[in-house]
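Visitor: With the sequence shown counted from 1, adding 1 to any position gets you this note's numbering.
Virtual Cβ for every residue (Gly too), placed ideally from N, Cα, C.
This structure is a prediction, so every number in the text was calculated from the model and none was measured.
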Amino acid sequence: MSIRIIYFGRLREEMGIAGELFELPPEVGDVESLRARLLARGGAYATAFDPRKAVRFAVNQDIARNNTPIKLGDEVAFFPPVSGG
2 MSIRIIYFGR LREEMGIAGE LFELPPEVGD VESLRARLLA RGGAYATAFD
52 PRKAVRFAVN QDIARNNTPI KLGDEVAFFP PVSGG
């Protein structure tokens, strides 16, 4: 089984995709380990998930932290910080 990943804003633009299904390996149990796994893919993923760039995330449409757990069937969204005003 997998999780659904959705990309918004500059991440969508840099990677050229709006989302994907991701087979969740046992060692990926939280948002930070997922981000690290995506970064390790290289190419556009390395650009989008560069640790020097701010990225926010949500799990099942709730704002999440790095240590927020993820499990099979979840939806994880990655997006750039936004500001209002």
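What would DSSP say about G43, mapped onto helix, strand or coil?
Guide: Locating residue 43 in the sequence shown gives position 42, where the first residue counts as 1. G43: coil per DSSP, three-state reduction.
Visitor: Assuming L12 is part of the alpha helix (DSSP H), what are its boundary residues?
Guide: Counting from one through the sequence shown, the residue named residue 12 turns up at place 11. Note, L12: alpha helix (DSSP H), G10 to M16.
Visitor: Please classify R38: does DSSP put it in a helix, a strand, or coil?
Guide: Position 37 of the sequence shown holds residue 38. The answer is helix: DSSP assigns R38 an H, G or I state.
Visitor: My understanding is that F80 touches L12, with C-beta atoms under 8 Å, so please give their C-beta distance in whole angstroms.
Guide: Translated into positions along the sequence shown, residue 80 becomes position 79. Translated into positions along the sequence shown, residue 12 becomes position 11. About 7 Å; that satisfies the 8 Å criterion.
Visitor: Could you tell me if R36 is buried or exposed, where buried requires 16 or more neighbouring beta carbons within 10 angstroms of its beta carbon?
Guide: Position 35 of the sequence shown, counted from the start, is the residue given in the question as residue 36. Buried, because 16 or more other Cβ atoms sit within 10 Å of the Cβ of R36.
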